[in-house]
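Take the numbering used here: the last position of the sequence shown gets the number 279, and nothing is skipped along the way.
Note that the Cβ used here is the ideal one computed from N, Cα and C, for glycine as well.
Note sheet for the following structure.
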Amino acid sequence: MSTVPAEVLPTAASTTRSRGAEDGPAPLAPRARLLPALAAVYRAQLSRARVARIPLLFVATFQSIGIMVMMRGVVDGGTEARAVVAGSTVLVVAFVALNLLAQYFGQLRAAGGLDHYATLPVPPAAVVLGAAGAYASFTVPGTVVTAVAGSVLFGLPLGHLWILAAVVPLSGAALAGLGAALGLLAPRPELATLLGQLGMSAALLLGVLPAEGMPTPIAWARDLLPSTYGVEALARTFAPHPDWALVAGDLAVCGAVGVLSLAVATRAYRRAAVR
Numbered sequence: 005m006s007t008v009p010a011e012v013l014p015t016a017a018s019t020t021r022s023r024g025a026e027d028g029p030a031p032l033a034p035r036a037r038l039l040p041a042l043a044a045v046y047r048a049q050l051s052r053a054r055v056a057r058i059p060l061l062f063v064a065t066f067q068s069i070g071i072m073v074m075m076r077g078v079v080d081g082g083t084e085a086r087a088v089v090a091g092s093t094v095l096v097v098a099f100v101a102l103n104l105l106a107q108y109f110g111q112l113r114a115a116g117g118l119d120h121y122a123t124l125p126v127p128p129a130a131v132v133l134g135a136a137g138a139y140a141s142f143t144v145p146g147t148v149v150t151a152v153a154g155s156v157l158f159g160l161p162l163g164h165l166w167i168l169a170a171v172v173p174l175s176g177a178a179l180a181g182l183g184a185a186l187g188l189l190a191p192r193p194e195l196a197t198l199l200g201q202l203g204m205s206a207a208l209l210l211g212v213l214p215a216e217g218m219p220t221p222i223a224w225a226r227d228l229l230p231s232t233y234g235v236e237a238l239a240r241t242f243a244p245h246p247d248w249a250l251v252a253g254d255l256a257v258c259g260a261v262g263v264l265s266l267a268v269a270t271r272a273y274r275r276a277a278v279r
């Protein structure tokens, strides 16, 4: 018969402490870092948009091309033609990144979908930036097709269309941030849809129509629209000798507006997720 020293036997206090430790709340997993979470949300949203939004992308592209065909009858060339082509190209971004994203976040909030994201260890900025980036990236094929078709239709040079690599993400960020903010701040999904439609209509009327001859109040409203600076940057590159300093300035303003609108959308997401 073997004996065990008394000091190695579990005491009542140690047993109670061990059971209390086992019954207590388990430690939470560490919060995901911004960049990996952003990449995960971006891939998920891009996959979803690719399946559900392809028909709407065709609609946005054909709509912009149809507008250019109609304007071809009243615009011959020059600065007016550049404005029409640039505005119609950025309109594709506005249709998807502003209008559809406002509807998406409005419906997500109304259906309680924000509760799902709120339970995940994902930073709020990753949700907003991932969705905005996916919707903005989704517009790339439509913008390229529209820009090429408009340039051929109005006889504009094609050599500087590489600027779309900067115009699309910067305009997309500004418009997607605005669309996400509208969808998250609207109290009802119907109102989010209405605001998205109004924003796209503003991008159509103020972006496609030439700025010359606009009344002063409308010109001020045009300056407040985030997509205006993307339109101006793209339109300047159709000139025989583009002023690249002004192009860079327009893109810088567009990027600053994009950062601001995405920050507002992130704050609106935090506010909506905790309700």
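Residue i, DSSP secondary structure in three states
i    : result
R37  : coil
A218 : Here residue 218 turns out to be Met, not Ala, going by the sequence shown. The answer is coil: DSSP assigns M218 none of H, G, I, E or B.
A243 : coil
D80  : coil
H164 : coil
A129 : helix
R274 : helix
A43  : helix
L213 : coil
G116 : coil
G154 : helix
P59  : helix
G159 : coil
A135 : helix
Whether residue i touches residue j by CB criterion (8 Å)
i    : j    : result
G183 : L238 : no
L118 : A180 : no
V261 : A135 : no
F242 : P145 : no
A196 : G110 : yes
A190 : L199 : yes
A267 : A122 : no
R240 : L228 : no
Same chain, Cβ closer than 6 Å to residue i, neighbours up to 5 away in sequence not counted
i    : result
Y233 : D254, V257, C258
A178 : P230, C258, V261, G262, S265
A207 : L95, A98, S231
V235 : A90, G91, V94, G211
V132 : A184, A269, T270, Y273
Beta-carbon proximity list for residue i, same chain, < 7 Å, skipping 5 on both sides
i    : result
G176 : V97, A101, A140, T143
A272 : A185, L188, L189
P173 : A140
Minimum C-alpha distance to residue i - residue among the options
i    : options                : result
A129 : L213, V89, T270        : T270
R76  : S92, A249, L61, V63    : S92
S265 : T123, P221, L186       : L186
T147 : A169, V132, A138, G159 : A169
H164 : R47, L174, L50, H245   : H245
E61  : M74, T220, L174, T150  : Residue 61 is actually Leu in this sequence, not Glu. Residue T150 is the option with its Cα nearest to L61.
A64  : Y121, D80, M204        : M204
A138 : S51, L228, L250        : S51
T83  : H120, Q49, F158, R47   : F158
Beta-carbon contacts of residue i that lie in its chain and below 8 Å, excluding the five residues immediately before and after
i    : result
A114 : R192, P193
Q107 : G187, P193, A196, T197, G200
A223 : A215
Determine contact between the segment 140–159 and the segment 67–87, defined as no fewer than three beta-carbon pairs at a distance below 8 Å. Enough Cβ pairs lie closer than 8 Å, so yes.
Would you call the segment 83–97 and the segment 212–221 in contact, with 3 or more CB pairs under 8 Å? Because the criterion of three Cβ pairs below 8 Å is met, the segment 83–97 and the segment 212–221 touch.
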